[in-house]
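In our numbering, the protein residues as written are 3 to 717.
See below for the structure under consideration.
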Amino acid sequence: MYGQYLWIGINCEGLGSISSQGTGIKIDNEQLLLEKRADMGGLQAHFTETVDSLYDALSKIYENQYDLISEYILWKEERPDSVKNEGIPMNFLNFYKNSISLALRVPNISRLFVINDDFGLSGEYNKSRFVWNVSEGILADYSIDINVSSPREDRVGYQSIGRRNRFTRYFLADPRLYQGEPGINPPGLTTFHLRARGLGGYSMERRISYTPRIFGEGDGGFIDLPDDDSPPFTPGISFPNYMHTYNFVLRTHTYFTNDSTKIIAEWMSSDPQSDIVEYQYAIGESLDNKTSIMEWTSNGGRDDAVISGLNLDHNKSYHLFVKARNGEGLWSNIGGVTQKVKIDMTIPSTPGDVNEDGNDGGNDFFWDPPDGFGDGLGGGGFGDPFGGGNIPVDVIPPTPFPSGFGMYFYLPPPLDNYSAELEAHWTASIDPESGIHNYQYKVTSKKNSSVNSGWVDNDLDLNVSIRGGILNYLDSFYVDIRSNNLAGSASEELRYGPMRPIDASPPTQPNIAMAYAPNSDRVYLVFSGARGLSEDYESGIAFYEVSVGTTPGSGNLISWRNAITFKPEEVGGKMQVLLPVLPEINESYIQVRAVNGQGMRSSRTVTGPYYQDDTPPIRPGILPSTIMNLRGKKFLKLTYFDVEDPETGISDIKYSIYKGRNMIRGWTSAGVVDFTIIRLSDLGLHIGDRIEVWVETRNGLGMRSRQNHTSYIIR
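See below:
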């Protein structure tokens with residue numbers, strides 16, 4: 003805050019300094035003064051706009067704090083003494099509440115006048131001194147804005163000047179040509195705007211207009227703010243949280259709420275002369291008794307309120323009255339005489355089931371299969387890249403529901419999952435206090451209630467036709483209907499269902515890979531990726547099928563008719579399943595597809611080749627020798643032979659070297675190479691040393707061969 007006042011003070015000094023330069027500026031240099039004023043004023047106005055936005059946010063914080071602490075105080079007062087005395091003391095809470103209330107008061111500019119001096123004889127300029135007083139509120143800062151009609155100056159907006167209560171401005175005469183003759187005109191009508199802002203961000207604005215005196219012209223030497231003899235406009239009240247009805251005969255609004263403990267409202271008024279410094283509100287049961295429920299209560303400068311701690315009666319109406327006071331102390335007429343708030347604490351009746359009322363509402367179930375339905379069942383493709391049945395042969399139209407059922411389900415083309423359609427009917431709800439505002443419906447999965455459409459508005463219609471959307475992803479669901487009254491209360495729900503549509507779409511394709519195992523009876527199918535498992539929102543996944551062939555997509559080893567099957571629960575949280583023994587063949591391809599609850603199959607996923615290998619590599623051999631390079635350095639060369647595996651091939655060769663009982667080179671991977679060369683010095687070997695060299699290999703499944711070894715004397 004100190005930094006803020008410092009900045010405001012600096013700019014105020016700058017504005018005053020530039021303005022005072024008018025005493026030494028001649029008329030022909032007037033433009034220079036105007037440019038300096040515009041530059042400094044623009045900077046200060048930009049700063050003021052930024053501060054204004056901060057104060058706007060601050061006022062919201064104060065308002066929310068006031069509402070929260072008021073609710074907390076009310077809550078504690080209704081608790082036993084043991085609870086009331088815990089935590090923050092009540093006296094501090096009330097002190098804090100009163101402090102916020104003081105901050106939200108509007109400063110009242112009670113006095114504003116101008117001392118209008120004429121220096122035309124010597125310097126052809128005017129010196130205007132603006133002085134003011136504030137009689138109410140906790141002051142945060144002042145801002146000024148000066149509007150000169152001639153010579154016209156661009157207005158830059160309000161400029162903060164801190165807490166100073168006076169300001170001096172110099173005006174120059176205006177040189178103009180009049181009918182070919184040079185002339186000098188004094189400044190035209192000038193309006194001085196003053197804004198006083200309170201600690202909580204609320205502000206008051208007043209203005210005074212006059213003509214600066216030069217050469218004896220213009221207004222007199224002392225100009226006082228004229229009296230304001232007109233009250234503020236009557237406040238207009240609104241209840242944005244409440245729904246309402248309008249009586250065209252009486253021209254009155256009735257607002258409805260189901261909360262008998264509080265009233266939430268906002269209002270608006272204005273006064274073009276002396277602005278608004280305070281609002282007060284009261285609550286009464288009639289126009290004649292305006293304070294029967296709550297006496298007139300000050301709301302400071304706040305133009306909205308959450309009035310808590312009330313105990314209003316069900317099915318009764320109340321008036322909220324508001325009045326405004328301007329800077330001259332005049333009160334407006336009382337607003338709220340054409341509005342009332344009615345309390346409705348009961349819920350509407352439940353919408354009626356058409357079956358119970360004996361009215362079928364014209365509900366008939368129908369299902370008209372499209373042309374070509376059933377063609378190719380069990381045959382080719384439907385998104386399956388390798389052929390094979392994707393639609394089961396047992397897809398048949400559903401059985402019609404009995405006459406009078408309150409809803410029907412319709413799914414026209416069997417392969418268009420986005421054509422599901424539902425129609426539901428019900429009878430009207432009743433609410434004698436506030437009336438019915440609308441009906442809502444919700445579609446909810448039978449399996450998982452968290453999967454639902456949410457409540458959807460249906461206006462006042464007593465039927466709904468739902469097409470697509472969530473219907474396309476549910477295998478069994480309920481449809482709930484409820485009504486809402488104008489007070490915001492919902493009725494109990496009418497439930498239809500459960501409904502089960504035809505599932506016209508296959509499951510999603512699984513994402514799989516194989517996990518090799520070192521023997522033939524440990525083969526794992528792994529579901530990989532975030533969406534490895536298949537999904538089917540309508541009828542779920544019943545099981546998975548596995549087929550095996552010697553080429554991608556073929557089933558010549560294990561056909562789809564004799565497919566290996568397993569259920570989703572067998573996959574478990576490890577996202578893998580153990581398959582039974584596969585045919586003994588060197589290379590095979592595995593294909594997997596999902597089957598949903600109505601027998602429809604997904605596109606298949608093929609992985610491979612899978613190499614079945616239950617034998618290790620043959621025992622390798624190793625031949626040591628000594629070689630020398632051109633520089634005379636000696637190396638040990640290890641040459642490998644019998645490095646073979648007829649099924650899955652060799653994936654790695656490993657060797658180790660001993661000198662006596664000491665291992666001078668542990669088991670080391672050589673890759674798949676013909677030989678390995680090692681510098682003797684790296685092994686610490688010399689001519690005549692005897693070594694023993696060992697070797698083993700590994701195949702594509704990681705199976706190790708038998709180890710072999712040989713002795714060698716370094717030469």
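Quick reminder that beta carbons are idealized off the backbone N, C-alpha and C, glycines included.
Asked, Found
"Where does S605 land, buried or exposed, given buried means 16+ other C-beta within 10 angstroms?", "buried"
"What separation, rounded to the nearest whole angstrom, lies between the Cα atoms of Y57 and T50?", "10 Å"
"Along the chain, where does the alpha helix (DSSP H) containing I285 start, and where does it finish?", "Run containing I285: none in the alpha helix (DSSP H); it sits in the beta strand (DSSP E), 278-286."
"Taking the straight line between their C-alpha atoms, what separation do you get for M92 and E73?", "13 Å"
"Taking buried to mean at least 16 other C-beta atoms within 10 Å of its own C-beta, is R81 buried or exposed?", "exposed"
"Kindly provide the ranges of any beta strand (DSSP E) runs that are 3 or more residues long and lie completely inside the stretch 325-361, ordered along the chain.", "341-345"
"By the three-class DSSP mapping on this structure, what secondary structure does H48 have?", "helix"
"Can you name, in chain order, every residue of its own chain whose Cβ lies under 8 Å from the Cβ of T254, other than the five neighbours on each side?", "Y248, T340, Q341, K342"
"Cβ atoms of Y642 and D768: under 8 Å apart, would you say?", "Beyond the ends of the chain as shown, which are 3 and 717, falls residue 768; an answer cannot be given."
"Could you pull out every residue in the same chain whose Cβ sits closer than 6 Å to the Cβ of A326, ignoring the five residues on either side in sequence?", "P234, P237, S271, I278, Y281, S334"
"Across the stretch 475-493 and the stretch 431-448, are there enough close Cβ pairs to call them in contact, namely three or more that are closer than 8 Å?", "yes"
"I need the DSSP call for A596, collapsed to helix, strand or coil.", "strand"
"Taking the C-alpha atoms as reference points, what is the distance between A565 and P353?", "52 Å"
"Measure from the alpha carbon of H48 to the alpha carbon of each residue in E126, R157, D69, then state which is nearest.", "R157"
"What would DSSP say about G673, mapped onto helix, strand or coil?", "strand"
"Within 10 angstroms of the Cβ of K1, are there 16 or more other Cβ atoms? Answer buried if so, exposed if not.", "Residue 1 lies beyond the range of the chain shown here (3 to 717); nothing can be said about it."
"Is it buried or exposed for L2, if we count other Cβ within 10 angstroms and need 16 for buried?", "As displayed, the chain neither begins before 3 nor continues past 717, which places residue 2 out of reach and without an answer."
"Give the secondary structure of A426 by DSSP, where H, G and I count as helix, E and B as strand, and everything else as coil.", "strand"
"Looking only at DSSP bridge pairs, what is K639 linked to?", "S627, I679"
"With a CB to CB cut of under 6 Å and the five nearest residues on each side skipped, what residues in its chain are close to F132?", "V116, F169, F194"
"Between the C-alpha atoms of P214 and D221, what's the straight-line distance to the nearest angstrom?", "7 Å"
"Where do the N-terminal and C-terminal ends of the beta strand (DSSP E) with K99 fall, by residue?", "K99 -> not in any beta strand (DSSP E); alpha helix (DSSP H) instead, spanning 92-105."
"Below 8 Å, how does it come out for the stretch 591-599 and the stretch 539-551: are there three or more Cβ pairs, yes or no?", "yes"
"Can you round the beta-carbon distance between M206 and N260 to whole angstroms, since I take them to be within the 8 Å contact cut?", "Not confirmed; about 38 Å, so no contact."
"Assuming S493 and S351 make a contact with CB atoms under 8 Å, what is their CB distance in whole Å?", "6 Å"
"Could you check how far apart the C-beta atoms of M630 and K636 are, in whole angstroms? I think they sit under 8 Å.", "5 Å"
"Which of the three DSSP states, helix, strand or coil, is assigned to E268?", "strand"
"Can you give the Cα-Cα distance for H321 and I285, rounded to whole angstroms?", "6 Å"
"How would you label G89, buried or exposed, when you count the other beta carbons within 10 angstroms and need 16 or more for buried?", "exposed"
"Measuring only the C-alpha atoms, how far is I438 from I349?", "10 Å"
"Compute the distance between the beta-carbons of S145 and N110, then report whether it is under 8 Å.", "no"
"Here's a check: name, in chain order, each residue in its chain whose Cβ is nearer than 7 Å to the Cβ of K264, leaving out the five neighbours to either side.", "V308, I309, S310, L312"
"Compute the Euclidean distance between the alpha carbons of R469 and H427, then round it to the nearest angstrom.", "15 Å"
"Reducing DSSP to helix, strand and coil, say where E219 ends up.", "coil"
"From the DSSP output, in three-state form, read off A59 for me.", "helix"
"Whose C-alpha, out of L682, V697, A515, is nearest the C-alpha of G690?", "L682"
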